[in-house]
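In case it helps, the numbering used here puts the sequence shown at residues 62 to 503.
We treat Cβ as the ideally placed atom computed from N, Cα and C, and that holds for glycine.
Since the structure comes first, as structure tokens, the remarks are kept for the end.
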Amino acid sequence: MSVDAKTEIENLQIPGVGFEKQYSRFYPEASMAAQLVGFVGKDVSGNDKGYFGLEGYYNRLLRGEPGIAVQIHDAFGRPILAKANNSSQINGSSLRLSINRAIQFIVEKKLKDGVKKYGAVSGMVGIMNPRTGAIIAMASYPSYDPGSYANYPDSLYANPFISDLYEPGSTFKPIVMSGAIDQGLITPETECPICAGPVSVGGYKIHTWDNKYHKNTTMIKVMQHSDNTGMVFVAQTLGVSRMIDTLNKFGIGETTGIDLQGEIAMPLKPKNLWYPVDLATTGFGQGISVTPIELLDAISAIANNGKRMEPHVVSEILTGNGNTIKIQPKVLDTPISKETAKVMTEILVNTANNGESKWTRIKGYRIAGKTGTASIPIDGHYDPTKTIASFIGYAPADHPKFAMLVILNKPSAAIYGSETAAPLFYAIARDLFIYYHIGPDD
Numbered sequence: 062m063s064v065d066a067k068t069e070i071e072n073l074q075i076p077g078v079g080f081e082k083q084y085s086r087f088y089p090e091a092s093m094a095a096q097l098v099g100f101v102g103k104d105v106s107g108n109d110k111g112y113f114g115l116e117g118y119y120n121r122l123l124r125g126e127p128g129i130a131v132q133i134h135d136a137f138g139r140p141i142l143a144k145a146n147n148s149s150q151i152n153g154s155s156l157r158l159s160i161n162r163a164i165q166f167i168v169e170k171k172l173k174d175g176v177k178k179y180g181a182v183s184g185m186v187g188i189m190n191p192r193t194g195a196i197i198a199m200a201s202y203p204s205y206d207p208g209s210y211a212n213y214p215d216s217l218y219a220n221p222f223i224s225d226l227y228e229p230g231s232t233f234k235p236i237v238m239s240g241a242i243d244q245g246l247i248t249p250e251t252e253c254p255i256c257a258g259p260v261s262v263g264g265y266k267i268h269t270w271d272n273k274y275h276k277n278t279t280m281i282k283v284m285q286h287s288d289n290t291g292m293v294f295v296a297q298t299l300g301v302s303r304m305i306d307t308l309n310k311f312g313i314g315e316t317t318g319i320d321l322q323g324e325i326a327m328p329l330k331p332k333n334l335w336y337p338v339d340l341a342t343t344g345f346g347q348g349i350s351v352t353p354i355e356l357l358d359a360i361s362a363i364a365n366n367g368k369r370m371e372p373h374v375v376s377e378i379l380t381g382n383g384n385t386i387k388i389q390p391k392v393l394d395t396p397i398s399k400e401t402a403k404v405m406t407e408i409l410v411n412t413a414n415n416g417e418s419k420w421t422r423i424k425g426y427r428i429a430g431k432t433g434t435a436s437i438p439i440d441g442h443y444d445p446t447k448t449i450a451s452f453i454g455y456a457p458a459d460h461p462k463f464a465m466l467v468i469l470n471k472p473s474a475a476i477y478g479s480e481t482a483a484p485l486f487y488a489i490a491r492d493l494f495i496y497y498h499i500g501p502d503d
């Protein structure tokens, strides 16, 4: 009912007809950050309840508790006013987010354009401050309008950045290599003794993505060329026990603790169930499943001098009684040393400058980054024609302002991350440099 219609009815002054004040959730930004925010629907009793994202995670805090008035009556049923007892209600709290509205808008527009340009089924982008764990932007496409959620398929409600598992492919390589470097098993100049051709492991033959091989290549070049055989060598050098320990420290196989409803994780297999081929393929990010937030948080640890932070979307809670609770950054683990993080950053800067995505890089800026082109498992094998293209990185490399992961699901224009996700990453990064007034490094 419109305000004019309400006023018109009130002016009629009909006996017994009045209006009762009710509240409902209003979303002034429409579909912006819908899968991050969630929506307010009804529970089985018809009461308002938050679902998904922030609405689901903070439902009780946002809702508060209604007050209860207890009225005492005398023997004749008359109220005793002096004895009325009102229990204090708890007003709902308000949330102040770390999400930057301007950056969220930029990300959503460029993601939508990128999904259409590259013919992808869907896509997502997450941006985090690696120093604090604060989420700056998180977007998925396609999305929905939380104000009219019932008009959209329920498959769009969940936030895929925290709820979808996928095999990350080559964006996983920095995690494995940094673990081996940190434990003193390899150095950037270590030469690969098995990179002259395809590698046979457990009856399977492992190739490079482009079927090009580099005999005695260094670890720097292994990352630059995204060499799968080189990463098999790194994984085998680590061994199963140290591989599992490395992944555990980076938070792989467990939820990050982000304050959004719906986060999942795929636990790592027990040590006794790891076969030689499992160890080998984990080295280049296949045969292991993660959520995008897991990967972004892990790579952010490299950006943050080896410290892995707990991701969070809420920066402050404004309680119903007027108090403000600030969310403090929380260190979850230190998977690698500061020295190893610096070394790995230099390897990733070289990869971004000289790897397969160098054609789209932003000249003058030191950006640490890695492409990914992951195969999609179907019915016990991998789809030969469809991939998940991605790019992960952080900048400025020496003092990162942001870490970002871009994922495109089944792009049809090109299957490689260097030709789809990488240019989308750099397109967003250009706007971030402008927004943050970050000038070129040289």
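Annotation for residue 417: no beta strand (DSSP E) segment contains it, and DSSP assigns it neither H nor E. In this chain, the alpha helix (DSSP H) harbouring residue 169 covers 162 to 178.
In the DSSP assignment, residue 385 forms a beta bridge with 379. In the DSSP assignment, residue 120 falls within the alpha helix (DSSP H) that extends over 120 to 124. Residue state for residue 475 is assigned as coil, using DSSP reduced to three classes.
Between residue 474 and residue 364, the beta carbon gap of about 30 Å keeps them out of contact (Cβ cut-off 8 Å).
Bounds of the beta strand (DSSP E) holding residue 464 are 463 to 470.
Looking only at 81, 124, 155 and 63, the smallest Cα-Cα distance to residue 383 is reached by 155.
Under the three-state reduction of DSSP output, residue 187 falls in the strand class. Out of 265, 123 and 310, the CA that lies nearest to the CA of residue 380 is found in 123. Cβ contact annotation for residue 390 (same chain, cutoff 7 Å, sequence separation greater than five): 193, 194 and 370, in chain order. Beta-bridge partners assigned by DSSP to residue 198: 188. Per DSSP, the continuous alpha helix (DSSP H) segment holding residue 67 begins and ends at 64 to 73.
With 16 or more other Cβ atoms inside 10 Å of its own Cβ, residue 345 counts as buried.
Shown here, residue 448 sits in a strand according to DSSP, grouped into three states. Judged by DSSP secondary structure, residue 342 falls outside any beta strand (DSSP E) and instead within the alpha helix (DSSP H) spanning 337 to 343.
Here DSSP, grouped into helix, strand and coil, assigns residue 226 to coil. Annotation: residue 426 is outside any alpha helix (DSSP H) and is labelled neither H nor E by DSSP. Nearest to residue 401 by alpha-carbon distance, out of 411, 368 and 73, is 368. The C-alpha of residue 214 is placed about 16 Å away from the C-alpha of residue 101.
Non-local C-beta neighbours of residue 204 in its own chain, meaning closer than 7 Å and more than five positions away in sequence, comprise 92, 95, 96 and 217, ordered along the chain. Taking the C-beta atoms as reference points, residue 428 is found nearer than 7 Å to residue 456. Across the structure, residue 267 and residue 290 are spaced so that their CA atoms are roughly 7 Å apart.
Pairwise C-beta distances place the region 163 to 170 out of contact with the region 326 to 344, as fewer than three of them are shorter than 8 Å.
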